[in-house]
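Going by the numbering used here, the first residue of the first sequence is number 46, and it counts up by one from there. As structure tokens, the structure follows; a few thoughts come after it.
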Amino acid sequence: MTLLENIEKGIKAGLAYHYNYTITKQPILITPTKKEFEGDFTVVVFPFSGVLKTKPEELGAVLGQYLIDQDSNFADFNVIKGFLNLTLSNKAIKNLLELVILAPDFGTFPANGKKVLVESSSPNTNKPLHLGHIRNILLGWSVYKIMEAAGFEVKRVQIINDRGIAICKSILAWQLFAEGATPKSADVKPDHFVGQYYVRFEQEFSEEYKTWLESVEGLQVFKQIKKEEETFEEFKSRFKNEYFNQHSSLGAQAKQLLLKWENGDSDTLDLWRRMNQWVYDGFDATYKRLGVAYDQLYYESDTYLLGKKTVEDGLAQEVFYQKRDGSVWVDLTEEGLDEKLLLRSDGTSVYMTQDIGTALLRNEDFAPDKMVYIVADEQNYHFDTLFKILKKLNAPFADGLYHLNYGMIDLPTGKMKSREGKVVDADVLMDEVIAAATANSLERGSLDDLSEESQNKIFTKIGLAALKFFIIKVNPKKRMVFNPEESVDLQGQTGPYVQNAYVRIQSVLKRYKESDYTNNYLDINEIERALILMMSQYPGMILTAANEMDPSLIANYCYQLAKQYHRFYHDCPILNAESEDTKRFRLQLSHSVASVLSAGMDLLGIEMPEKM
RNA sequence: GGUCCCGUAGCUCAGCUGGAUAGAGCAACUGACUUCUAAUCAGUAGGUCGCACGUUCGAAUCGUGCCGGGAUCACCA
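Right, here's the structure in full:
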């Protein structure tokens with residue numbers, strides 16, 4: 046039984062014993078005591094004093110006394126207004142450290158028999174990964190680690206958007222402008238190589254569009270279609286898509302390519318495979334560097350057919366309906382949404398069709414209890430719709446669907462816009478952050494006696510810790526501002542700060558030659574007490590983080606614990622402690638802090654260096 | 001316009017199942033390294049928690065209405 050449960054039980058028993066009162070509705074609010082008051086846990090007794098028509102101070106005193114009498118874990122209490130502050134006995138604190146925190150399974154929960162599938166990353170194959178993907182990938186990885194620690198069996202998957210018009214644009218640009226160049230011949234990371242041709246297409250298309258708008262035909266169309274009050278610029282952006290589909294030569298060629306692809310033209314398919322493989326190779330390098338991996342990849346080119354079939358079956362069973370032009374729709378007006386297209390009038394599939402197929406295929410593969418989609422919040426409507434459709438189809442997993450809708454990342458200069466080249470590239474960003482860590486480290490010179498290889502490993506760990514922590518510490522649902530300068534900070538509320546606490550501990554532990562920390566120290570001071578109580582909250586943090594799918598809770602917890610340790614390290618001598626018992630206790634305490642920090646940061650995909 | 005999300009210190013963020021005097025980091029300023037490595041610690045300064053009303057013993061937290069910002073409402077993905 047945990048201490049919180051002890052308190053709750055004691056309060057209930059006390060209320061029954063002294064007031065013959067049984068709690069029905071009100072939850073008992075128990076929080077860690079604020080540091081300006083004395084005590085370890087605080088029970089808020091206001092709600093009961095109201096019901097019992099007792100003064101809060103009196104009720105608090107009665108309950109406090111009752112708890113102390115009944116439970117030897119509690120040594121003292123004080124009451125301020127309606128707040129009952131309880132102080133644990135030193136023995137209880139020590140037991141907490143030795144029996145709970147140092148237990149081998151601390152911070153992991155036994156398997157709960159539930160399977161969860163986490164989809165993340167899921168990039169398009171026409172351009173390299175950027176900052177937005179990094180947030181997605183890091184969230185995916187830490188949600189996986191956290192849910193696993195909480196007892197779930199987790200499968201990490203992606204859906205690769207490997208087909209469609211966007212990929213055809215890259216392919217077409219390569220055909221038109223590359224003159225047979227390859228990533229190797231150009232000496233460019235392969236995903237970036239393909240991305241260059243996507244950008245090239247957009248440039249050429251913009252030029253073409255601009256020229257057309259100024260032509261006789263363009264001006265005529267503008268006059269005909271322009272809405273009242275609409276400026277030329279507004280028209281230009283509104284009409285762009287229609288221009289692509291109806292008037293553009295490049296657009297026609299790209300669409301022609303898509304048609305060839307859908308018809309299985311072997312030359313097109315070969316080139317498509319070849320260019321996609323370049324992208325996959327590039328992505329793999331980035332994933333590896335970020336330290337993430339996936340159990341299974343799904344490709345749209347494999348799943349859209351199942352989606353189509355499902356929609357056709359649904360049509361036969363009248364879950365969906367068909368319009369006169371042959372297009373298939375779902376009516377979600379009863380669910381508070383709209384009508385949504387599922388198959389085009391020409392019978393081809395759309396985004397939604399593919400996602401239906403993908404979900405069903407995943408269910409066949411894993412039969413998960415939950416499916417978590419980590420996708421930016423701009424797609425909230427899409428996933429609302431998808432989940433309602435799957436419910437309509439009576440998918441067995443329909444009640445376990447969850448869209449972890451994280452906020453987009455802004456730059457200090459404003460929104461990221463990939464079409465305007467205003468993006469932060471994932472690979473470049475990692476280079477920069479590692480370079481910053483390297484420069485900082487070399488300046489300190491504390492690693493000079495290590496080989497260059499070991500040094501580089503540490504620089505990488507520090508740089509990536511800075512980057513990952515910077516992103517993960519923000520609540521995923523919130524839009525965040527990414528300042529590249531701050532992301533390479535190594536001081537303050539950062540990953541390296543937490544790493545530093547760990548490194549300090551390692552450095553101390555190494556100097557103590559024995560491995561036996563048993564001790565009879567009982568004179569536990571405030572800082573030590575706070576550290577132990579804080580660590581005791583770790584398993585609860587994991588459950589909360591898993592429940593809310595919020596890794597930022599773990600990041601902030603690790604920071605708080607590291608901060609408390611740094612304070613301890615500064616104020617309390619360890620190896621030079623006044624007695625052997627004290628020394629051993631503090632070593633034991635340090636050792637457990639290191640374990641919790643390391644485990645917690647591992648949940649975020651951040652590794653600890655032994656030195657820094 | 002409909003729907004949804006967000007507004008906390010100069011900046012980036014915690015806190016939000018209602019609880020004590022709203023917390024961190026960065027930036028600014030002051031102090032602490034012959035010491036278990038200072039990527040650290042201690043301190044100063046910085047707030048109308050967007051605004052208003054309501055709910056109650058108590059509101060940054062809940063409700064309503066405004067104001068400001070964003071997302072979305074494609075036979076795009």
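Cβ coordinates follow ideal geometry from the N, Cα and C atoms, glycine included.
Contact check, residue i vs residue j, beta carbons under 8 Å
i	j	result
Leu632	Leu554	yes
Lys234	Asp472	yes
Pro521	Phe328	no
Gln367	Val375	no
Leu388	Leu351	no
Asp400	Leu431	yes
Ser486	Ile507	yes
Ile569	Ile138	yes
Pro149	His237	no
Gly152	Val533	no
Met657	Gln536	no
Asn157	Phe197	yes
6 Å Cβ shell around residue i - same chain, five flanking residues per side excluded
i	result
Ala639	Tyr547, Ile550
Asp326	Pro235
Ile73	Glu53, Ile56
Lys467	Met461
Beta bridge counterpart(s) of residue i as assigned by DSSP
i	result
Ser230	DSSP lists no partner for Ser230.
Val420	Asn450
Asn169	Asn206
Leu129	Val88, Val124
Val324	Answer is none; Val324 lacks a bridge partner.
Ile216	Note: Ile216 sits in no beta bridge, so no partner.
Lys506	Beta-bridge pairing links Lys506 to no other residue.
Pro77	Phe86
Gly459	Leu456
Lys200	Leu162
Glu247	Answer is none; Glu247 lacks a bridge partner.
Phe527	Phe527 pairs with nothing; no bridge assigned.
C-alpha gap between residue i and residue j, whole angstroms
i	j	result
Arg369	Gly392	13 Å
Asn181	Tyr451	8 Å
Ser117	Lys136	9 Å
Ile125	Glu102	7 Å
Glu83	Asn130	7 Å
Ser390	Leu176	37 Å
Arg629	Ser552	15 Å
Trp306	Leu314	6 Å
Ser311	Arg318	10 Å
Met580	Lys433	42 Å
Gly127	Val88	8 Å
Asn601	Tyr542	12 Å
Glu655	Thr483	16 Å
Pro228	Trp323	8 Å
Asp455	Pro92	44 Å
Asn565	Asp626	6 Å
Ala404	Tyr349	11 Å
Gly585	Gly225	57 Å
Neighbourhood of residue i by C-beta distance below 7 Å, restricted to the same chain and skipping five residues each side
i	result
Ala195	Phe154, Ile587, Leu588, Ala591
Ser166	His178, Asn181, Ile182, Gly185, Gln203
Gln500	Leu492
Thr67	Ala61
Which listed residue (the options) has its alpha carbon closest to that of residue i
i	options	result
Leu104	Gly59, Gly263, Ser581, Met657	Gly59
Leu649	Gln115, Leu184, Phe238	Leu184
Lys354	Met397, Trp323, Glu530	Met397
Ser346	Leu335, Asp626, Asn308	Asn308
Leu509	Lys415, Ile651, Phe613, Val395	Ile651
Leu162	Thr276, Asp340, Lys333	Asp340
Tyr426	Leu382, Asn528, Asn140, Leu48	Leu382
Asn662	Val199, Leu108, Phe91, Ser532	What is shown of the chain runs 46 to 657, which leaves residue 662 out entirely.
Glu530	Leu474, Ile503, Glu488	Leu474
Ser643	Arg612, Glu623, Phe613, Ala607	Ala607
Cutoff 8 Å; reference residue i; Cβ partners in own chain excluding five residues on either side
i	result
Leu217	Phe246, Leu295, Gln298, Ala299, Leu302
Leu32	No answer is possible for residue 32: it lies beyond the span of the chain, which begins at 46 and ends at 657.
Met453	Gly177, Ala421, Asp422, Glu423, Lys460, Met461, Arg524
Ser251	none
Ser187	Ile517, Pro596, Ile599, Leu648, Leu649, Gly650
Gln605	Met579
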